[in-house]
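Every position in the sequence shown, counted from 1, becomes a number in our numbering once 81 is added.
Beta carbons are placed, not taken as given, at the ideal position from N, Cα and C, and that holds for glycine.
All values derive from a computational prediction rather than experimental measurement.
Taking it in order: structure first as structure tokens, then the write-up.
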Amino acid sequence: MMQKRHTTRGLVLLLAMVLCSLGAQAQRWNWVVPATGPSFDEVWSMGIAPGGDLHLTGSFSDSLDFSGQVVTSYGNYDVFTARYNNKGQILAANGHGGFDLDDAQSMVVDKNGNYYFAGSFAVEALIAGELIEAIDVTSTDMFVAKFDKLGSLQWVKVFGSPTYDEGAPYLAVDSLGSVYVTGGVGGRGQFDTKSYQSVGKLDAFVAKMSANGEFVWVQGSGSTENDMGTAISVSPNGDRIYASGTFIGQVNFGGNVTIESFVNKADFFVRAFDANGSTRWVKRIGYSGTDRYISSTTQADGKLVLTGAMSQTTTFDTQTLKANGENASDFFLCRMSKDGAIELLKNYGGIFEDVGMSIAVDAKNNVFIGGFYDSTTTIGGNIEEAVGMRDGFATRIMFNGEVDWLRSCGGPYDDEIRAIVIDSKNIPYVTGIFETWAMFEDVKLTGNRFSDVFIAALDCGPSTALKPRKTQLDICEGQDSLIQARFGYPNYEWYVNGTKDATVSGYTFATGKLGQGTFQIYSRITGFDDCVKNTDTITVVVRKGLPVPTITKVGNELRCSVDDVMYQWYREGNKLNGQTGQTVVVSGDGLYRVQIMDSTGCDRWSENFLVGTTSVFEDESGSIVTLYPNPTQGQVTIAGAAGAEITITDMLGRVVVRLQNAADLQLVSIDGANGTYAVTLRSGNAVHTMLVTKQ
């Protein structure tokens, strides 16, 4: 990491400061609450119940204060579980553990509100008051505990090896209540009456448990080195179980499926099982270095969605991605079918480190990723600068891989978003760590000397960012600048000084109709999930501008009505080179327009002035192409453009007509409102645009 903190970093931070007005103003923080203690506190996982309660787990030492509910450790590091409602109010907090080092990495909630957490312990520990004992007093073993929705312990299971130390495993649960576990086990691992013998040191294992906590099957794979399962997900009906993790060297994953890591470094594996524990397929993800972060979830249709960190040129099965930084990771998004085919693969980030640590999907399969970035990042065109060393981020990415919004948080040291979940109203909730203090937009959390925990909720629904990303826009009267919301949502309403402008319904607002004065402009957007949000507000200051120019025809000349300004003449939307005087000689039929400008930067356009009744030009072969009638009441004929592609757009750039392979005599209907439209013809390498007026 220190390698990145050199002159290049300084230059990028300087650039980010210059561009600070372009920083993403996307989703707002609804609430944020801390959990603090005197030592290092770690949160690793969060699940969400059907009613919206949030369940967290992690580790702490000494004590941990959850908004007045304080848990105290038994000895060294212990495990905590905490439950919040969706308003950020603490409902319950408990400590679990013994006198030695205890840890928990995974929390899941089933459809009935039962919750499960998994961890590791040494010698003995208390889980909700029930004493559990390690398989051997000399080693660290694993456990899974199930609680009902009221917080009563249902069962707790211990498993592992008497000869190896195992870390905390990872969990998933299906709609039937079956539980799936992955992690690493060495020697002869004991899973109740089931067992697994490792190939080398630690092997990656996957186990299925019944709703009553009985082990149904156990599968494993490994090399002579340490191999670990670090993420597990399951389709809702349990017909696909996906385990992900790291392996080193050559590993047989059952039958004839053997894969090998790059240059004997740790790569990722993704292994799919059916409900009976049979391997369906295995994929490798990796590059020439060591891979470290991977997280997964599933869609409602059972497809697998992954995030994590990828560096340099990383291979995903047979496809590759190249990171934006030379020696720093990007975070990635990968969607796979139930048969293992890659359907979407993209990476995101800047030239410094970007890591995806957690992933969730909504009902429309849009993706939410939480993680961290170092120094400065660029995600989906949004530039974010870390407050200190490392900041947390949350982002929503649409089904097609396009970034919808981005939000970051952080303070002077290392801050991370480690878990993200979505409720039925598409509200994202995140949890993670911060050190000393951290900013969540205008909310400052204050902690202690070391890492503390935060829990936060973001807005539901659409991106609230506007372009240009400025708080104030200074323009001249009549200057037609565009204010844009994010494209593609079901409905937009625009407000000027608090009053709805019924004449605007799209994702853009044109300022040309504003008179002199100061205007507060925002849009109220309805998202795909029917969540309605107001965008950020832009203050538009309109100063006195140029008069509206009009065009008159005298003989074979067109004349602009405004004196003593700069001029540029256009015909059929194309600039007439050299025609910068107050008059222009008519050079053929068509629509003429003039743009006037002054030395202060103000400009204004005339209306179109029609010469003749048709629009005419020669194509690249010398053939005459004619558009008529112009103006039109809705239908135009384009003659002589056989084979061309025809695109018609309104003045806001929205495509209203697109035709391929036009006929020699092509009739086209324009169904939009009255106004001016640009008709673009593409044939070979030639492109020509004409303007047509619908009235």
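Residue pairing by DSSP places V338 opposite no residue, since no beta bridge is assigned to it. By alpha-carbon distance to V315, the top candidate from L748, V262 and T616 is V262. When the Cα atoms are used, F600 and C541 turn out to be separated by approximately 27 Å. The closest CA to that of V332, considering only I313, S302, G194 and V344, is found on S302. Cβ contact annotation for Y576 (same chain, cutoff 6 Å, sequence separation greater than five): Y603, in chain order. Listed in chain order, the non-local C-beta contacts of S489 below 6 Å within the same chain comprise E465, D472 and F474, local neighbours out to five positions each way being set aside.
In this chain, the beta strand (DSSP E) harbouring F224 covers T221 to F228. E465 is bridged by DSSP to T458. When only Cα atoms are considered, G264 and A130 end up about 24 Å apart. Around the beta carbon of F397, a 10 Å sphere encloses 16 or more other beta carbons of the protein chains shown; the residue is thus reported as buried. Around the beta carbon of L526, a 10 Å sphere encloses 16 or more other beta carbons of the protein chains shown; the residue is thus reported as buried. Within the same chain, and ignoring the five residues on either side of T360 in sequence, the residues whose Cβ sits closer than 8 Å to its Cβ are Q300, F334, G335, G336, V338, R352, A353 and F354. Membership of E205 in the beta strand (DSSP E) is indicated by the continuous run E205 to I208. In this chain, the beta strand (DSSP E) harbouring K634 covers I632 to V635. In this structure, the beta-carbon distance from F453 to I440 does not fall below 9 Å. Counting the other CB atoms within 10 Å of its CB gives L387 a total of 16 or more, which places it among the buried residues. Of the other Cβ atoms in all chains shown, 16 or more fall within 10 Å of the Cβ of M223; this residue is therefore buried. The beta carbon of N318 sits closer than 8 Å to the beta carbons of D255, S256, L257 and G383 from its chain, once the five residues preceding and following it are set aside; these are given in chain order. Partner residues in the beta bridge of F690, as assigned by DSSP, are Y673. Distance from the Cα of I171 is smallest, within the candidate group W112, T730 and F240, for W112. In this structure, T459 keeps its C-beta atom at 9 Å or more from the C-beta atom of G482. Note on geometry: alpha-carbon atoms of N572 and K594 lie some 22 Å from one another. Taking G248 as the centre and dropping the five residues before and after it, the same chain places the C-beta of S201 closer than 6 Å to its C-beta, in chain order.
Collapsing the DSSP output to three states places V344 in a helix. By the neighbour-count criterion, in which a residue is buried when 16 or more other Cβ atoms sit within 10 angstroms of its Cβ, Q186 is buried. Less than 9 Å divides the Cβ of Q663 from the Cβ of D644.
Bridge pairing for G241: Q271 [DSSP]. Bounds of the beta strand (DSSP E) holding G310 are M309 to V315. The alpha-carbon separation between T681 and P628 amounts to approximately 14 Å. Membership of L145 in the beta strand (DSSP E) is indicated by the continuous run S144 to F147. As DSSP reads the structure, N175 sits in a beta bridge with T162. By the 16-neighbour rule on beta-carbons within 10 angstroms, V484 is buried. N167 is the residue among F121, N167, G579 and I751 whose C-alpha sits nearest the C-alpha of V511. Sequence-distant Cβ neighbours of S276 in its own chain, meaning closer than 8 Å and more than five residues away, are R269, G270 and V299. In the DSSP assignment, T664 falls within the unbroken beta strand (DSSP E) covering T664 to V666.
Partner residues in the beta bridge of Y651, as assigned by DSSP, are K656 and R674.
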